[in-house]
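Residue numbers (this note's numbering), protein chains in the order written: chain A, 10 to 249; chain B, 1468 to 1581.
Built from N, CA and C at the ideal position, the CB exists for glycine as well.
None of these values were measured; they are calculated from a predicted model.
Quick notes on the structure that follows.
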């Protein structure tokens, strides 16, 4: 009887040992898995970014190709009759409005060069960089002065564009621009009107403290097209 | 024999059940496992040399495990890697025990020179 009891206890203890062993084994395997997930190192990420960049360029080229094709079809259709010609003309105008084509024309260019050094020769902190609000304000100001097409660092500003600070960058159309390097804003419109609007002293009142502001008229500004596709998931036209 | 059944039962329980012991106990668990292994080897040795006592085995098993885990915990709190002491002592003892088990087994199964 005593021997039986001791054997039971040994079995129990071995049972506990087995449980602990398997538990620990499982825990460690789980840990390994989670570690592996996070252990993509910087080079991997850089390579991935490069790949995506290449992919992006290839896709953009494809989009251009397809758009040219569409244009050809449109031209072919337009040559048939006057009504289609009008339609195509309207389409072209709409395209400029939605930013789906490159446009060029007269306008002004605004350069915002950040002050990297303040009075004491120290590099400026994050607080006195240009923010998303400054850019939104400037875009609004340019639109008010009748700008027909606006771009910031060659990123087309369209009706759906949002401008917002994200970390150390400002995101425009999901493209990053750095507030600590020079920002170029181009606007096509009545260049004299735009210039005089920018010349109002209060326009750059806040921004002058943050960076050097220069703006100049230009007769030939090219603004690249909006690089994203419009998608309407929620807004649908009302049926009458 | 019954010990093996127990071991396998434990492994099955460990695989089948999803008991959640917090991850932060994981390092202490490993030290405790080492202590338990040492106890088990000690038990095998004692069994072979015919002086196995259940109470000593049970108390050694749990006592060693708790002490090892406790020391590792204390070491963590003090910033001294005391768990190394447990690893070295128990690791060494496992090898010692194994050496004795080996000798005993060899002696047991050695053909008697007649």
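- Per DSSP, the beta bridge partners of residue 114(A) are 230(A).
- Contact between the stretch 54–73 of chain A and the stretch 1548–1566 of chain B is absent, with fewer than three C-beta pairs closer than 8 angstroms.
- Assigned with DSSP and collapsed to three states, residue 1547(B) falls in coil, not helix or strand.
- A residue is called buried once 16 or more other Cβ atoms fall within 10 Å of its Cβ, and residue 247(A), having fewer, is exposed.
- In the structure shown, the three-state DSSP call for residue 1484(B) is coil.
- Counting other Cβ atoms within 10 Å of its Cβ, residue 1573(B) stays below 16 and is therefore classed as exposed.
- Put simply, of 1521(B), 1537(B), 1478(B), 1519(B) the residue whose alpha carbon is nearest the alpha carbon of residue 1502(B) is 1537(B).
- Interface criterion met: the Cβ of residue 31(A) is under 8 angstroms from a Cβ in chain B.
- As DSSP reads the structure, residue 221(A) sits in a beta bridge with 122(A).
- Under a 10 Å Cβ-count criterion, residue 183(A) is classified as exposed, with fewer than 16 other Cβ atoms of the shown protein chains found around its own Cβ.
- Annotated three-state conformation of residue 165(A) is strand, per DSSP.
- Cβ neighbours of residue 1571(B) within its own chain (closer than 8 angstroms, five residues either side excluded): 1512, 1515, 1516.
- In the DSSP assignment, residue 174(A) falls within the unbroken beta strand (DSSP E) covering 172–175.
- Per DSSP, residue 65(A) is one residue of the alpha helix (DSSP H) stretching across 51–87.
- Not one beta carbon of chain A lies nearer than 8 angstroms to the beta carbon of residue 1567(B).
- Secondary structure note for residue 145(A): its alpha helix (DSSP H) is the uninterrupted segment 141–153.
- Residue-level contact check: residue 15(A) touches chain B, since one or more beta carbons of chain B fall below 8 angstroms from its beta carbon.
- In the displayed model, residue 1556(B) falls within a helix according to three-state DSSP.
- Residue contact check for residue 1476(B) against chain A: a CB pair falls below 8 angstroms.
- Looking only at 149(A), 29(A), 197(A), 171(A), the smallest Cα-Cα distance to residue 1532(B) is reached by 29(A).
- Identification of chain A residues near residue 1511(B) by a Cβ-Cβ cut-off of 8 angstroms yields none; the smallest Cβ-Cβ distance measures about 10 angstroms.
- The beta carbon of residue 23(A) sits closer than 8 angstroms to some beta carbon of chain B.
- Look at the stretch 1515–1535 of chain B: the residues with a C-beta under 9 angstroms from a C-beta of chain A are 1519, 1520, 1521, 1522, 1524, 1525, 1528, 1529, 1532.
- Relative to the Cα of residue 1507(B), the nearest Cα in the group 24(A), 152(A), 71(A) belongs to 24(A).
- Judged by their CB atoms, residue 123(A) and residue 189(A) are nearer to each other than the 8 angstroms cut-off.
- Residue 196(A): member of the beta strand (DSSP E) spanning 192–197, first to last residue.
- Bridge pairing for residue 184(A): 181(A) [DSSP].
- Rounded to whole angstroms, the separation of the alpha carbons of residue 91(A) and residue 174(A) is 48 angstroms.
- Contact between the stretch 1469–1483 of chain B and the stretch 144–154 of chain A is absent: fewer than three C-beta pairs spanning the two stretches fall below 8 angstroms.
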